[in-house]
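Numbering (our numbering), first residue to last: -2 to 771.
Built from N, CA and C at the ideal position, the CB exists for glycine as well.
Here the structure is a predicted model, which means the values were calculated and not measured.
Below is one structure, written out as structure tokens; comments come after it.
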């Protein structure tokens, strides 16, 4: 095996470019004669727009245009429409599909709704014009993201959806589940909240639009995880043009986490403004506006129950959740409620269940997919229930999981919510994680904490997720010099695709690792692709690149046979070399590729050049899973939590690059820690955001992290040839329940049995005082 092949810890080739300042982000791109766009956001959570007077704004020196919702309607631009609604897949009987205009003309529905777009020579001029615009609003009653918004008579976000319920998804058998609950020896219940959070990637969103009147085409530079999806939404729904007339370029992108996986109004606004003004238009989201202008995520409340027999075996599960969608259904905003239901059983053998999820409107920013959507909420529910059950029954946290985890002998295992787990060694992972965490030494550490006046707690949790979705394509192209270019329909924005994809191609084609070039993020150069999200890249890239590599070898084998003067079936291929059987004749594949570009003696049989397309489908997903163990110390006098030890063993199926896998896991745990300990978007009753900057919205720092002991387990899945399982969302799913259960375990001795995330010192301190007072 090459030191650059599959399974090797190859350092990321892209890192040198980034750490030496040679990355090329949207803000690094400058077009001739470009001007600046500035979006006017609604300061009202819910209001009618009575009038907009732009006359004073147009008098500001340097202002080129001021565009409003009336201009959008006059130019015939369409709204943005959700890509996914539950009723499209038979998951819900009905649902209200919102249409989001790129500028609102009549009624704003959250603080941050786009009201106008100012184009000027400078940002300062655009901002001054925005200040002097006169917009008259008629306030309407706001609908907060609280259960009171679903009560009869509550104000409605949308007139056509008076109860504020967009859709309801149901899974399971209500009657059978009721029957087993009636037979149960133990019944445990939890009431949980998944706090609303923001992804906050390092690079804020940005866009540059350029209209070319010579051929009536558009070019958009944008910070997107999925440039082809952006092209489809804008071309088909907003501009009503063929997709070939819109080129979308996503250069280097500084993090995404789902928040950049779909279109925003600004993507359309810069293109439209460029056509109106006859010049390229640049727009940059400021860091201070990210928490208002970006999609949010999570924001779910759930009531869950388990029915168990006298030995701790689960008989049934019930859960009813509400997911706050915000003012509009985001392009894939309905994914999280569906996947919450689907993965609520976790890794446990639960055959009787009844679970419902409502998607509800509120006058808040739309919620969208965010690293592990739905899987994070579903796993949080079942793992909190498991610890509550252990406490009620009086058995250990690991024992109740040992009793109920699905056995590897049961694979393939079909869940009552429609998933088929094809592989999984859950108890093996727990045993390895307990060894890594020094599980047996816990009591000694707890006693030491007690001497210091600290409350110590621990947890052991499982997680499982659904990785890979939809299909995709990859191209391999040799150039006349014999080097290879990978043309990727996926998009790397921190995942290290230029490294891992090259490792696979180097292994399968035997070409030098440093001769492989990586191309992505341009809809004119990449024929098609669906982008990177849902931990899909390793699955789809491995299958598609394996297919394309095989096609190239077979085509090159025919040409090599001519040079070697044998039949193709007498030519073997290994480590980049074609060899004839029974002789020492050989030929490098790179030399064969060069020969296929010669100017003569090539016909239809040979073709011109050496390239191939590989296609992969994830109709059958893979199921990454793992075990997390967390230990915390809590100071009862201050409520401060210290994560003292954190251990994780993740089943990645087959690690293409173990070092990158571990980096993904640790990074995910950091984001999960942020949700559990620090982060929360808060609105008041009037729909005003109270956490509109990093002064109020707390992000995790290095000092908040413990040293994470991470190990990879490799139990290949059966749904793809390489056996890979996704890894990008694992840590974010596993960390919140691991931290939550450890915190509750530490506090249970002083009478605290539940706290909602985030576990701030203030909240913990008050919980301890309230428990003592009662």
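Less than 8 Å divides the Cβ of residue 625 from the Cβ of residue 645.
Nearest in C-alpha terms to residue 381, of all of 307, 342, 115, is 342.
In the DSSP secondary-structure assignment, residue 452 is bridged to 631. Our two residues, residue 194 and residue 337, have alpha carbons roughly 16 Å apart in a direct line.
Assigned with DSSP and collapsed to three states, residue 163 falls in strand. Collapsing the DSSP output to three states places residue 296 in a strand. For the options 210, 146, 597, 261, the alpha carbon positioned closest to that of residue 235 is the one of 261. Annotated three-state conformation of residue 481 is strand, per DSSP.
With contacts defined by Cβ atoms closer than 8 Å, residue 452 and residue 633 form a contacting pair.
With contacts defined as CB atoms closer than 8 Å, residue 561 and residue 550 fail to qualify as a contacting pair. For residue 174, the uninterrupted alpha helix (DSSP H) segment begins and ends at 171 to 180. Taking a contact as a CB-CB distance under 8 Å, the pair residue 2 and residue 447 does not count as one, their CB atoms being some 51 Å apart.
For residue 109, the closest of 159, 78, 287, 251 by C-alpha to C-alpha distance is 287.
For residue 738, the secondary structure class from DSSP, reduced to helix, strand or coil, is helix.
Between residue 545 and the set 483, 518, 533, the nearest pair of CA atoms involves 483. The beta-bridge partner set that DSSP reports for residue 519 consists of 246. Along the segment 304 to 352, the beta strand (DSSP E) occurs as fully enclosed runs of 3 or more residues at 311 to 323, listed in sequence order. The closest CA to that of residue 540, considering only 576, 614, 68, is found on 614.
Rounded to whole angstroms, the gap between the alpha carbons of residue 241 and residue 537 is 25 Å. Residue pairing by DSSP places residue 116 opposite 34, 62 in a beta bridge.
Taking the Cα positions, residue 704 is about 8 Å away from residue 641. For residue 216, the enclosing beta strand (DSSP E) covers residues 214 to 219. Membership of residue 471 in the beta strand (DSSP E) is indicated by the continuous run 468 to 475. Minimum Cα-Cα distance from residue 298 among the listed residues 368, 147, 48, 722 corresponds to 147.
For the pair residue 716 and residue 617, the CB atoms are nearer than the 8 Å cut-off. According to DSSP, residue 266 shares a beta bridge with no other residue.
Non-local beta-carbon contacts of residue 136 in its own chain, meaning distances under 8 Å to residues more than five positions away in sequence, involve 41, 43, 44 in chain order. With a cutoff of 8 Å on beta-carbon distance, residue 99 and residue 112 are scored as not near each other.
Distance between residue 309 and residue 743, taken at the CA atoms: about 22 Å.
When only Cα atoms are considered, residue 713 and residue 534 end up about 16 Å apart.
Rounded to the nearest angstrom, the gap between the Cα atoms of residue 304 and residue 365 is 32 Å.
The C-beta of residue 602 has fewer than 16 other C-beta atoms within 10 Å across all chains shown, which makes the residue exposed. Per the coordinates, the alpha-carbon of residue 121 lies some 10 Å from the alpha-carbon of residue 34.
When the five nearest sequence neighbours on each side are left out, the beta carbons in the same chain lying within less than 7 Å of the beta carbon of residue 48 are those of 133, in order along the chain. Checking the DSSP bridge columns, you'll see residue 706 partnered with 644. Annotation: residue 494 to residue 9 spans about 9 Å, alpha carbon to alpha carbon.
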